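Under the working numbering, the first residue of the sequence shown is numbered 349, with each subsequent residue one higher.
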Amino acid sequence: MGQIKSYRDLRVWQQGMDFVVLLYKVTDSFPKSEQFGLTNQMRRAAVSIPSNIAEGHVRSRKEYAHFLTIALGSLAELETQMELAQRIGYLPIQNFAELNEKIDSIGRQLNVLTQKIRG
């Protein structure tokens, strides 16, 4: 991999963006009654992940690490919301498994990046 000039060069940001697109597609099938409830919460948490990676990237190292931990928090929040959506029948197990696999990958990358930033 080449030099990181922008947050857009980070694989974790790219995968985070891809994840958001996938989550939007999956939550489109949720009941319309959840449009301002669980659907909105899940989408906001998902968007928060690459957004915090991007915002942190233009800050100091200490602030960057802080923003990465916020992204990790959003990831945990989203995992909980996905579990709930699966349990109440909004999220089919196949979609849950696919999203969960991607969340695991993003989480591992965020942990590694956070450790590197903190030195």
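The beta carbon of each residue, even a glycine, is placed where N, CA and C say it ideally should be. All of these numbers come straight from a predicted model, not from anything done at the bench.
Ala393 classed as buried or exposed, judged by whether at least 16 other C-beta atoms fall within 10 angstroms: buried
Simplified DSSP state of Gly421, which is helix, strand or coil: helix
Proximity test, Thr375 beta-carbon vs the ligand MG heavy atom, cut-off 7 Å: The ligand MG is absent from the structure shown, which contains no ligand whatsoever.
Ser354 burial status per 10 Å Cβ neighbour count (16 or more: buried): exposed
Phe367 vs Ile454 beta-carbon contact at 8 Å: It is a contact, given that the beta carbons lie within the stated cut-off.
Cutoff 8 Å; reference Gln363; Cβ partners in own chain excluding five residues on either side: Lys450, Ser453, Ile454, Gln457
Whether Met365 touches Thr375 by CB criterion (8 Å): no
Reference Ser399, options Lys410, Asn388, Gln383, Leu423, closest by Cα: Leu423
Which of helix, strand or coil DSSP assigns to Arg409: Assignment of Arg409 by DSSP, reduced to helix, strand and coil, places it in the helix class.
Assigned secondary structure, Gln351 (DSSP; H/G/I helix, E/B strand, else coil): coil
Under the three-state DSSP convention, the category Phe367 falls into: helix
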